[in-house]
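>
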Amino acid sequence: MTEFTIEDKDLTSLEGKVIIVTGGSSGIGLATVELLLSLGALVVCGDVQAPEKEMEGAYTFIQTDVSIWKELLALFNGTKNIYGHIDHVFVNAGIGPRADYLSMQLDENGDAVEPSGQLFDVSLKGAVNTAALAIFHLRRQEEGGSIVITGSATGLQRFRAVDYGKQMKTIMNCFQLAKSAYQLRLSTVSSVSGELLLRGLKQPSSRPRSESIPWHQAGQIAIYSRL
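In our numbering, the protein residues as written are 1264 to 1490.
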């Protein structure tokens, strides 16, 4: 298989660009934020909590629960108020599997408890709404912009965590349609075996954790895809 190598020097065109990253306080999102800042980008991070370490560079944190529309509005409007425009949006916020549809919990009356819909609220509705707001703002700018959505290989195959795999497949299908409808650069990056996913699975893959994609590398791929 042909090897495709991405180096940080290939990404220097992002200097001075205004970039929103959701879910940028940990994992792939944090790695993407750190790389963007090192390249001189102006980064606005929307997440439910700030990163544990201090960020260096032109960094702004706006507390955002992507499942809440008003908070997404505040993220985009806040960015516009600070910088006047938005160049790129990384739709990254998401959580791991939450529901087990084959092993129902019972309440005090012995009735089945509704499975958690938290993943769909955050990772599906939140992603779709974030991208919709990005399209809304970028289409009104003469210079346009780009949107990168963090997907997963689970959207391309059968996966035991039904809620996780289903929302990833829906996101990928949804934005293939959006890509053809608007004159914007819209990409989906599908990674495999990130550490948070392995940690969240009840029965992790037998592949060693050392084979997981490093966060920095996943961030490079996400950034390069918008060029």
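For every residue, glycine included, the Cβ atom is placed at its ideal position computed from N, Cα and C.
Measuring only the C-alpha atoms, how far is Leu1300 from Val1306?
7 Å
> Could you tell me which residues DSSP puts in a beta bridge with His1351?
Beta-bridge analysis with DSSP links His1351 to Ile1282, Ser1409.
> I'd like to check one pair, His1351 with Gly1408: are the Cβ atoms closer than 8 Å?
yes
> Can you tell me whether DSSP reads Leu1277 as helix, strand or coil?
Helix at Leu1277.
> Taking just the CA atoms, how far does Asn1372 sit from Gly1357?
33 Å
> Can the beta-carbon of Ile1331 be found closer than 8 Å to that of Gly1341?
Cβ distance not < 8 Å, so Ile1331 and Gly1341 don't count as in contact.
> Just mark Asp1310 as buried or exposed, buried being the case when its beta carbon has 16 or more other beta carbons within 10 Å.
buried
> Taking a contact to mean a Cβ-Cβ separation below 8 Å, would you say Val1354 touches Val1296 in this structure?
No. Outside cutoff.
> Where does Gln1404 sit, in a helix, a strand or coil, going by DSSP?
coil
> Can you tell which of Arg1361, Phe1339, Tyr1364 has the C-alpha that lies nearest to the C-alpha of Ile1398?
Out of Arg1361, Phe1339, Tyr1364, Phe1339 has the C-alpha closest to the C-alpha of Ile1398.
> What are the start and end residues of the alpha helix (DSSP H) that includes Gly1341?
1332-1346
> Note down, in chain order, each residue of its chain lying with its Cβ closer than 6 Å to the Cβ of Ser1469, except the 5 sequence neighbours on either side.
Note that Ser1469 scores a pLDDT of 47, beneath 50, so its modelled location is shaky and nothing firm can be said.
> Look up Thr1327 in the DSSP assignment and say whether it is helix, strand or coil.
DSSP places Thr1327 in coil when its eight states are reduced to three.
> Beta strand (DSSP E) containing Gly1287: first to last residue?
It is not in any beta strand (DSSP E) - Gly1287 carries neither H nor E in the DSSP assignment.
> State the DSSP-derived secondary structure class of Leu1305, mapped to helix, strand or coil.
Look at Leu1305 here: in three-state DSSP terms it is strand.
> Tell me, which residues are paired with Asp1310 by DSSP?
Note: Asp1310 sits in a beta bridge opposite Gln1326.
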